[in-house]
Amino acid sequence: MRTRYDVIVIGAGPGGATAAAELARNGLTTLMVERKPLPRHKACGGGLPMAVGDLIPEIPAGVVEATVTWMRHTWNFQDAVLFPVNNPDSMPDITLWMVRRDRFDEHLAQRAINFGAELADGLHIRHIEAEGGRFRLVGENGWSATADYVVGADGANGITASSFGLRQKRQIGIAMEGELSYNWDRADHPDLRPEVLHLEYGRVKHGYAWIFPKGDHLNVGAGRMRSTTASSSRTNLEEAHPLGDQFKAVVEDYLNSLGIEGREGIRFYAHPLPIWNGPEPLEAADGHVLLVGDAAGLVDPLFGDGILNAIRSGFIAARLILNGSAAQYTQQIQREIGRNLEAARRLANLFYRFPALCYQVAVKRLEMTRLAAQLFCGKVEFSEVAPLALKRIRTALMRRGNRSYSDQTDPTQHAGELG
Ligand SMILES: Cc1cc2nc3c(=O)[nH]c(=O)nc-3n(C[C@H](O)[C@H](O)[C@H](O)COP(=O)(O)OP(=O)(O)OC[C@H]3O[C@@H](n4cnc5c(N)ncnc54)[C@H](O)[C@@H]3O)c2cc1C
59 MRTRYDVIVI GAGPGGATAA AELARNGLTT LMVERKPLPR HKACGGGLPM AVGDLIPEIP
119 AGVVEATVTW MRHTWNFQDA VLFPVNNPDS MPDITLWMVR RDRFDEHLAQ RAINFGAELA
179 DGLHIRHIEA EGGRFRLVGE NGWSATADYV VGADGANGIT ASSFGLRQKR QIGIAMEGEL
239 SYNWDRADHP DLRPEVLHLE YGRVKHGYAW IFPKGDHLNV GAGRMRSTTA SSSRTNLEEA
299 HPLGDQFKAV VEDYLNSLGI EGREGIRFYA HPLPIWNGPE PLEAADGHVL LVGDAAGLVD
359 PLFGDGILNA IRSGFIAARL ILNGSAAQYT QQIQREIGRN LEAARRLANL FYRFPALCYQ
419 VAVKRLEMTR LAAQLFCGKV EFSEVAPLAL KRIRTALMRR GNRSYSDQTD PTQHAGELG
């Protein structure tokens, strides 16, 4: 392994592996450093927008464990609706892929290696310092190397952002997931099928709970899209920890509501969700240090997904480094991703403030499920639909606001409130 690189990418998640692949493919000496040995577990639902397939075309069939074409929504485990995500009268063009992150991320890292990137996994970067116009990265056991560029793809609490004073506007939600072995022959509930994704809105404040189908298991979890403290400063997982027991209780009730038994021993993993919180600088040192994916806070404020944007930002970072315009990175992210997330944020603010109303006027409508799937899959931009959707919700609010849906009587403030 050399000690001098054009680019060192910290983190081998989807953002880092994508950037490393593009950089190496175009001839730059590139090192990916990952603190955990691959394959590693990553707390994640593993719901993948199919648009990822346009960006990374060669995903092996086995990595995608289920393809979702139906969504089942509930409010407090009741008032269920089950909708197809495609219009039966036209060619199906939407599927949501379900992956296991250990396999998916390992595939992306291997892809980067195949393009010529080096991987140092099981190596934790502890320190980054400027040195003679370059950067020295120092890891455990005295390891160090230098690079012209550093790509911080090191996730929600990455060292790159803190080392360069970036991400001052952080908004950190939290999500938790676990896996439950599942044999699809069991037929506990007629809607429990490999092509159906389940979402529950009434029991998690500022978020939702889910059950995602996978090959031999269900991925179950809950997430909250807001910081657990009002402060914009760094929120650590320990502060948010009390939510863990409440998330587990919601998941337990969710599984009960579908008649799923035998669920002892689910091991839960919690992880911060760095939600998009408006434009802010995402590069330092004249574009020689760039943040991608969760490190840049590119998680969608409505759905809480971040894989697609991690991959997109990995491509953008690589492209700008390669064409010598990395100082434009923040503006480019704002143009290609931020504007859309900004519209998602406006929708999320209203949705999570009045979830009961939004469940009735939006979620329970077939065309809204289709639209949500299109948004999640990157087929439609939030910025295209937000003005109309906001208008519709506000109109409904005005019509019903004096009755049961006012802020004060929002059911999530009383039942199952989390945090
Ligand atoms: C419970 C949960 C469920 C989720 N479900 C979904 C979902 O269904 N769909 C979706 O799209 N998104 C989901 N997300 C969000 C998604 O997981 C992230 O947005 C995505 O992983 C971001 O990718 P990334 O490459 O930016 O960072 P990560 O995947 O977090 O990768 C960062 C990597 O950097 C490494 N690292 C960190 N610091 C260092 C260091 N100092 N030295 C070396 N290595 C380091 C880490 O070990 C890690 O492997 C979920 C998140 C959570 C918490």
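Numbering (my numbering), first residue to last: 59 to 477. Glycine included, each C-beta is placed from N, C-alpha and C at the ideal position. If you're wondering where the values come from, they're calculated on a predicted model, not measured in any experiment.
- Are the C-beta atoms of D358 and some chain B residue less than 7 angstroms apart? Note that chain B does not occur in the displayed structure, where there is just one protein chain.
- By Cβ distance below 7 angstroms, which residues in the same chain neighbour R184 in space, the five residues on each side in sequence not counted? The answer, listed in chain order, is V196, G197 and E198.
- Query: Once you ignore the five residues that flank D163 on each side, which residues in its own chain have a CB closer than 8 angstroms to its CB?
  - Reply: Answer for D163: A70, G71, P72, A75, L96, P97, R98 and K100, listed in chain order.
- Could you check if E187 is buried or exposed, using at least 16 other CB atoms within 10 Å of its CB as the buried criterion? Within a 10 Å sphere around the beta-carbon of E187 sit fewer than 16 other beta-carbons, which makes this residue exposed.
- Message: Tell me whether the segment 369-389 and the segment 252-272 touch, counting them as touching only if at least three CB pairs, one residue from each stretch, are closer than 8 angstroms.
- Response: Contact fails: fewer than three Cβ-Cβ distances are below 8 angstroms.
- Item | Contact test: V357 Cβ vs ligand 1 heavy atom, cutoff 6 angstroms | When distances are taken from the beta-carbon of V357 to the heavy atoms of ligand 1, the shortest one is below 6 angstroms.
- Task: Whole angstroms is fine: what's the gap from G180's alpha carbon to G85's?
- Result: Those two C-alpha atoms are separated by around 25 angstroms.
- Nearest candidate by alpha-carbon position, reference G320, set L276, I333, H329 and D363: Distance from the Cα of G320 is smallest, within the candidate group L276, I333, H329 and D363, for L276.
- Item | Check: C102 C-beta below 6 angstroms from any heavy atom of ligand 2 | What this structure holds is ligand 1, not ligand 2.
- Unbroken beta strand (DSSP E) run spanning Y266, endpoints: It spans G265 to P271 - the beta strand (DSSP E) in which Y266 sits, taken as one unbroken run.
- Message: Taking DSSP's pairing of strands, which residues face T132 in a bridge?
- Response: Answer is E258, bridged to T132.
- Item | Proximity of V254 and W133 at Cβ, strictly below 7 angstroms | No, Cβ-Cβ distance for V254 and W133 is not below 7 angstroms.
- Item | Coarse secondary structure for E310, derived from DSSP in three states | E310 falls in the helix class under three-state DSSP.
- Query: Whose C-beta lies closer than 6 angstroms to the C-beta of R450 among residues of the same chain, with five residues either side of it excluded?
  - Reply: Cβ neighbours of R450 beyond the five flanking positions: none.
- Is it the case that the CB of K227 approaches a heavy atom of ligand 1 more closely than 6 angstroms? Not one heavy atom of ligand 1 is found less than 6 angstroms from the C-beta of K227.
- Delimiting residues of the beta strand (DSSP E) encompassing H165: Annotation: H165 is outside any beta strand (DSSP E); the continuous alpha helix (DSSP H) that includes it extends over R159 to N172.
- Look at the alpha carbon of F361 and the alpha carbon of I318, and state the distance between them as a whole number of angstroms. When the Cα atoms are used, F361 and I318 turn out to be separated by approximately 25 angstroms.
- Three-state secondary structure (DSSP) at M59? For M59, the three-state secondary structure derived from DSSP is coil.
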